[in-house]
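Asks:
Numbering (our numbering), first residue to last: 20 to 290.
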């Protein structure tokens, strides 16, 4: 039943069988069969075609409204520390965190705590927030301004400095305007009179482009240092982006998970 409800939710989100199938890593035929099974069990029509798209019926919207919170809670219970000796932790990271200081924090923590099996995932922040909300991962480490969903608790890990690298005579590049980082720093950027000339999807290539003399780039400090740029060549502008840990409240009640939070905080502060 969990898989059937999640399939209906995917169709609501993506509007087509193809996109829903891709998001679920299934074939379109499998998605169609799941919906047919769910309709049979409910005795109601749940989806209707509208041109190229698929829309949910009123009954389907009502079903999701009532069942999704229960599905998330059930998944959380099923995947919650079943083994007291070996704990599996699925963590989603913003790409600019896991590719820099986040990787160091995980490596150090894992060496000290071999009883924990940590599986890291790198995605854009909105995807990670969706995954922790649906209990597909237990913890999300994201940067910038994030939309907190019902049932999810946000813990501030710290602030990461935003810096400018590269020749100041060159155009200034930054991440996308839709990113959580940009939404968190936009006001301060405007107040400081900084003008962004071009944008790119990821921070890591921007730091490398600046290092090679193609442009100057506004990037997180961890990204600049990871690219090999020396601190003396980094311009600190007095702007930071917040780093949050998102999870269900019970995640933060376990001491080992709090220790993981401390490891992340320590590595961020050591930049």
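The beta carbon of each residue, even a glycine, is placed where N, CA and C say it ideally should be. Since the structure is predicted, the reported quantities are computational estimates derived from the model, not experimental observations.
(1) Indicate whether residue 173 and residue 263 have their beta-carbon atoms separated by less than 7 angstroms.
(2) Alpha carbon to alpha carbon, what distance is there between residue 195 and residue 227?
(3) Is the beta carbon of residue 294 sitting closer than 7 angstroms to the one on residue 177?
(4) Return helix, strand or coil for residue 20, following the three-state DSSP convention.
(5) May I ask you to list the residues that DSSP assigns as paired with residue 222?
(6) Closer than 8 angstroms by C-beta to residue 78: which residues in its own chain qualify, once you throw out the five before and the five after it? Chain order, please.
(7) Quick test of the definition: if touching needs 3 or more C-beta pairs under 8 angstroms, does the segment 249–262 touch the segment 195–210?
(8) Who does residue 179 pair with in a DSSP beta bridge?
(9) If you run the structure through DSSP and keep just helix, strand and coil, what is residue 78?
(10) Closest to residue 282 by CA distance: which of 193, 188, 160 and 223 is it?
(11) Might you give, ordered along the chain, the residues of its own chain that have their beta carbon closer than 6 angstroms to the beta carbon of residue 90, omitting 5 neighbours on each side?
(12) Output needed for residue 219: all residues of its chain with C-beta closer than 7 angstroms, excluding positions within five of it in sequence on either side, in chain order.
(13) Please return the same chain residues whose Cβ sits closer than 8 angstroms to the Cβ of residue 118, not counting the five positions on each side in sequence.
Replies: Taking the coordinates as given:
(1) Your numbering for residue 173 matches position 154 in the chain shown. Your numbering for residue 263 matches position 244 in the chain shown. In this structure, residue 263 lies closer than 7 angstroms to residue 173 by Cβ.
(2) On the chain shown, position 208 is the one that residue 227 refers to. On the chain shown, position 176 is the one that residue 195 refers to. Computed Cα separation, rounded: 17 angstroms.
(3) Since the first and last residues shown for the chain are 20 and 290, residue 294 lies out of range.
(4) Residue 20 sits at position 1 when you count from the first residue of the chain shown. Residue state, collapsed to three classes: coil.
(5) Counting from one through the chain shown, the residue named residue 222 turns up at place 203. According to DSSP, which records beta bridges pairwise, residue 222 is partnered with nothing at all.
(6) Counting from one through the chain shown, the residue named residue 78 turns up at place 59. 61, 63, 64 and 65.
(7) yes
(8) Taking the chain shown and counting its residues from 1, one reaches residue 179 at position 160. The partner list for residue 179 (beta bridge, DSSP) reads 260.
(9) Start at 1 with the first residue of the chain shown, and residue 78 comes out as number 59. Of the three classes helix, strand and coil, the one that applies to residue 78 here is helix, per DSSP.
(10) On the chain shown, position 263 is the one that residue 282 refers to. The option with the nearest alpha carbon to residue 282 is 160.
(11) Translated into positions along the chain shown, residue 90 becomes position 71. Closer than 6 angstroms at the Cβ level, and outside the excluded window around residue 90, lie 21 and 24.
(12) Locating residue 219 in the chain shown gives position 200, counting from the first residue. These residues qualify, in order along the chain: 192, 194 and 225.
(13) Residue numbering aside, residue 118 sits at position 99 when the chain shown is read from its first letter. 141, 223, 242 and 245.
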